[in-house]
Amino acid sequence: MYKVAVIGDKESILGFSAIGIDIFPAYNEQEAKQIIHDLEAQNYGIIYITEKLSLLINDEIEKYRAKYIPAIITIPGNSGSLNIGTNKVKEYARKAIGVDIVFKDENETME
Amino acid sequence: MAILNVNLTRVESMNLKKSLQTAKRGHKLLKDKLDELIKKLIQLVQENHVLRIKLDKMLANAYQNFMLAEAVISEEYLAESLIIPKKSIGIDISEKSIMSVKIPKYNFNISDNNDNSAIYGFAYTTSELDMAIDKFSDLTEILLRLAENEKSIDLIAQEIEKTRRRVNALENVMIPNYIDTIKYIGMKLAENERSNTSRLMKVKEMITKKNQ
Chain C
147 MYKVAVIGDK ESILGFSAIG IDIFPAYNEQ EAKQIIHDLE AQNYGIIYIT
197 EKLSLLINDE IEKYRAKYIP AIITIPGNSG SLNIGTNKVK EYARKAIGVD
247 IVFKDENETM E
Chain G
24 MAILNVNLTR VESMNLKKSL QTAKRGHKLL KDKLDELIKK LIQLVQENHV
74 LRIKLDKMLA NAYQNFMLAE AVISEEYLAE SLIIPKKSIG IDISEKSIMS
124 VKIPKYNFNI SDNNDNSAIY GFAYTTSELD MAIDKFSDLT EILLRLAENE
174 KSIDLIAQEI EKTRRRVNAL ENVMIPNYID TIKYIGMKLA ENERSNTSRL
224 MKVKEMITKK NQ
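For the record, the sequence lines run as chains C and G. Throughout the first sequence, residue numbering follows my numbering, covering 147 to 257 in sequence. Throughout the second sequence, residue numbering follows my numbering, covering 24 to 235 in sequence.
Structure below.
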């Protein structure tokens, strides 16, 4: 059985504790790296990280890409979405396929 | 064009022909795998897009509600109210294989710790907190689906890069090299044959001349 964690600034992540996700406040690069490292050892299967914080430790997240467990997923913080998650997926897809995937259903889903 | 460093013999040529066949079959298989993986990736990326938009909207909503709650309730009480989570999430990770790429499948157990939906006292909290927590509860499913989806995209995208490199190596290097080398050996052998024949003719001529 794996656990779920979220890392980010306290104001953003506090709400997640209400639904059973463990919260780990972090504000700078060292803290975040240390926490991710610890969490991996502690049987955490999914680690959510706020977009702002994920920008600081991009290369660290890149290291976990190839690993089966844990999954590190960026989510927007409370100051609004920066679209980092979407862009990252687009970038991976572009690298793998060689073309940008055009979303034909973009207008439908936006409504 | 590169000629492989092999002995110029018939046996070697036969071996190379066998290798060429294997390489061609491998190339076809890998190409099929690549096509299938790309199809799957596109599907996943499209799913991801929908999930992201949903998540962004719902999360913004949840944050808004939570900020309202924060504004009304004092910080200490808020932290205290959330010490005991309403639910606990555990995930079982099982493997699913797509074209021999292992992707995770998360089965989650969401258990309510308490039958009563509110686990904090009513005295110091307001309805804003209830609403915020409701909003966050709605997010659970989508958060976990997104995690599964993005990890799959990660793993498949990496496998596609790897497979593409292999396909390219076979298509542009190994198979042409085999073909060239086989052709080269064939030509070399034919030339040996011809020079042998002409020598024999020459020798025959010399012998007939001597006997006359």
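No residue lacks a Cβ here, since even glycine has one placed at the ideal position from N, Cα and C. Quantities reported herein were computed from a predicted structural model and do not represent experimental measurements.
| query | result |
| --- | --- |
| Report the rounded CA-to-CA distance for E186 of chain C versus I183 of chain G, giving the unit in angstroms. | 26 Å |
| What ranges does the beta strand (DSSP E) occupy inside the stretch 147-199 of chain C, keeping only unbroken runs of at least 3 residues that lie completely in it? | 149-154, 168-171 and 190-196 |
| For N220 of chain C, does the three-state DSSP call read helix, strand or coil? | According to the sequence shown, residue 220 of chain C is Thr rather than Asn. The answer is strand: DSSP assigns T220 of chain C an E or B state. |
| Taking DSSP's pairing of strands, which residues face N118 of chain G in a bridge? | According to the sequence shown, residue 118 of chain G is Glu rather than Asn. Paired residues: G:P127. |
| In this structure, does DSSP put N200 of chain G in helix, strand or coil? | helix |
| Give a yes or no on whether the minimum CB-CB distance between Y238 of chain C and chain G is below 8 Å. | yes |
| By how many angstroms is the C-alpha of K77 of chain G removed from the C-alpha of E257 of chain C? | Low confidence applies to E257 of chain C: its pLDDT is 38, below 50, so where it sits in the model is not reliable, and the reading given next is rough at best. Approximately 11 Å between the Cα atoms of the pair. |
| Could you tell me if K211 of chain G is buried or exposed, where buried requires 16 or more neighbouring beta carbons within 10 angstroms of its beta carbon? | exposed |
| Sort G:F159, G:N28 and G:F131 by Cα distance to D79 of chain G and report the nearest one. | G:F159 |
| Tell me which residues share the same chain as L31 of chain G and place their Cβ nearer than 6 Å to its Cβ, disregarding the 5 neighbours each side in the sequence. | I208 and K211 |
| What three-state label does DSSP hand S345 of chain C in the structure shown? | Since the first residue of chain C shown is 147 and the last is 257, residue 345 of chain C is not available in this structure. |
| Would you identify the three-state DSSP class for E184 of chain G, choosing helix, strand or coil? | helix |
| So I203 of chain C packs on E237 of chain C, CB below 8 Å; how close in whole Å? | Contact flag wrong, Cβ pair sits at about 17 Å. |
| Determine the extent of the alpha helix (DSSP H) in which K41 of chain G is found, giving its start and end residues. | R33 to V95 |
| By the three-class DSSP mapping on this structure, what secondary structure does N28 of chain G have? | coil |
| Just mark L52 of chain G as buried or exposed, buried being the case when its beta carbon has 16 or more other beta carbons within 10 Å. | exposed |
| By DSSP, does E254 of chain C sit in helix, in strand, or in coil? | Its pLDDT being 45, under 50, E254 of chain C is placed unreliably by the model, and nothing is read from it. |
| Sorted by chain position, which residues of the same chain lie with C-beta nearer than 7 Å to S134 of chain G's C-beta, five sequence neighbours on each side aside? | K110 and S111 |
| Between I215 of chain C and I116 of chain G, how many whole angstroms is the CB-CB distance? I'm expecting something under 8 Å. | 6 Å |
| Check this for me: beta carbons of Y210 of chain C and I221 of chain C, under 8 Å apart or not? | no |
| What do you get for D251 of chain C, buried or exposed, if any count of 16 or more other CB atoms within 10 angstroms of its CB means buried? | Confidence at D251 of chain C is low in this model, with a pLDDT of 49, below 50, so its placement is unreliable and the value that follows should be read with caution. So D251 of chain C counts as exposed. |
| In whole angstroms, give me the CA-to-CA distance for Y201 of chain G and L57 of chain G. | 23 Å |
| For the pair the stretch 123-131 of chain G and the stretch 164-177 of chain G, tell me if three or more CB-CB distances fall below 8 Å. | yes |
| Per the DSSP calculation, N215 of chain G is bridged to which residue(s)? | None; N215 of chain G has no bridge partner. |
| Indicate whether at least one CB of chain C lies closer than 8 Å to the CB of K125 of chain G. | yes |
| Does at least one heavy atom of the ligand SAM sit under 7 Å from the Cβ of P171 of chain C? | Looking at this structure, you won't find the ligand SAM or any other ligand, since it has none at all. |
| Buried or exposed, going by whether 16 or more other CB atoms sit within 10 Å of the CB of T186 of chain G? | buried |
| Count the CB pairs spanning the stretch 160-171 of chain C and the stretch 230-244 of chain C that are closer than 8 Å, and state whether there are at least three. | no |
| Below 8 Å on C-beta distance, what does V245 of chain C contact in chain G? | Per Cβ cutoff of 8 Å: no residues; V245 of chain C is ~10 Å from chain G at best. |
| Along the stretch 192-207 of chain C, where does the CB come closer than 8 Å to a CB of chain G? Name the residues. | I192 and Y194 |
| Let me know the secondary structure DSSP gives K174 of chain G once reduced to three states. | helix |
| N172 of chain G: buried (16+ other C-beta within 10 angstroms of its C-beta) or exposed? | buried |
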